[in-house]
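Here this note's numbering is used: the first residue of the sequence shown is 845, the next is one more, and so on. Built from N, CA and C at the ideal position, the CB exists for glycine as well. None of these values were measured; they are calculated from a predicted model.
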Amino acid sequence: MLYSMFKKLPLALIAATILVASVDHSSSTWAGTCASNCGAKPLQFTPGQRIRLEVINNTSNLVELERIQGAKPIRIQPKQKLLFPQQDGSQPNMSLVFWDETGAPLQAVVSKPNFGTLRVEFRPTWRYPGDRSLYILDDGRINIL
845 MLYSMFKKLP LALIAATILV ASVDHSSSTW AGTCASNCGA KPLQFTPGQR IRLEVINNTS
905 NLVELERIQG AKPIRIQPKQ KLLFPQQDGS QPNMSLVFWD ETGAPLQAVV SKPNFGTLRV
965 EFRPTWRYPG DRSLYILDDG RINIL
């Protein structure tokens with residue numbers, strides 16, 4: 845019995861080798877360093893840096909913006925651009941909440957057009973519920989939720 849099992853073992857090994865060798869490896873994944881393809885660097889400011897906030901409504905609807913710290917909502921007309929005074933980057937995390945007056949989902953696209961400006965563009969999106977808030981963290985990072 846043991847002899848017949850050892851007799852079949854080479855046949856099984858040959859069959860497995862042929863099967864593995866015949867598999868097409870054209871979609872193999874190659875490892876690379878982050879430097880070769882790591883995507884865009886996240887947007888960040890230097891902690892303590894004064895930041896000017898520029899908000900642009902690139903939708904066809906009215907967008908409202910509210911600072912969590914108790915200020916009244918600010919209404920931003922379609923295609924309107926607002927500039928807010930520079931904020932001290934070392935203050936506690938600054939939060940902004942925004943929404944489309946009609947309830948349509950929004951996409952907040954952030955950019956850094958120059959050293960001390962954070963630009964936030966509101967655009968329409970099909971992704972529901974869309975973006976609803978922006979956090980400027982005291983360590984200089986920008987989060988959109």
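Inset, instruction - Could you tell me whether the region 908-919 touches the region 940-952, where touching means 3 or more Cβ pairs closer than 8 Å? - result: yes
Legend entry - Coarse secondary structure for Q888, derived from DSSP in three states: Residue 888 sits at position 44 when you count from the first residue of the sequence shown. Of the three classes helix, strand and coil, the one that applies to Q888 here is strand, per DSSP.
Inset, instruction - Return the chain-ordered list of same chain residues with a C-beta closer than 8 Å to the C-beta of V950, the five sequence neighbours on each side being excluded. - result: Counting from one through the sequence shown, the residue named residue 950 turns up at place 106. Correcting the residue identity first, residue 950 is Leu in this sequence and not Val. Answer for L950: T903, V907, F942, W943, D944, F966, R967, P968, T969, G974, D975, R976, listed in chain order.
Legend entry - CB-CB length for Q924 against R985, believed under 8 Å: Counting from 1 along the sequence shown, the entry for residue 924 is found at position 80. Counting from 1 along the sequence shown, the entry for residue 985 is found at position 141. Wrong, their Cβ atoms sit about 27 Å apart, outside the cutoff.
Legend entry - Residue from V899, Y972, K956 whose Cα sits closest to the Cα of G947: For this step, residue 947 is matched to residue 103 along the sequence shown. Residue Y972 is the option with its Cα nearest to G947.
Inset, instruction - Classify R896 as helix, strand or coil using the three-state DSSP reduction. - result: One-based indexing of the sequence shown puts residue 896 at position 52. Correct three-state label for R896: strand.
Legend entry - Residues near R919 in its chain [Cβ-Cβ closer than 7 Å; skip 5 each side]: In the sequence shown, residue 919 corresponds to position 75, counting from 1. If we look at R919 and ignore the five residues flanking it on each side, its Cβ neighbours are L906, E908.
Inset, instruction - Would you identify the three-state DSSP class for Q951, choosing helix, strand or coil? - result: Numbered from its first residue, the sequence shown carries residue 951 at position 107. It is a strand residue.
Legend entry - Cβ neighbour criterion (16 or more within 10 Å) applied to N958: For the purposes of this step, residue 958 is taken as residue 114 along the sequence shown, with counting starting at 1. Label assigned to N958: exposed.
Legend entry - Where F966 falls: helix, strand or coil (DSSP): In the sequence shown, residue 966 corresponds to position 122, counting from 1. It is a strand residue.
Inset, instruction - Grab the span of the beta strand (DSSP E) containing F942 for me, first residue to last. - result: In the sequence shown, counting from the first residue as 1, residue 942 sits at position 98. Where F942 is concerned, the enclosing beta strand (DSSP E) stretches over 938-944.
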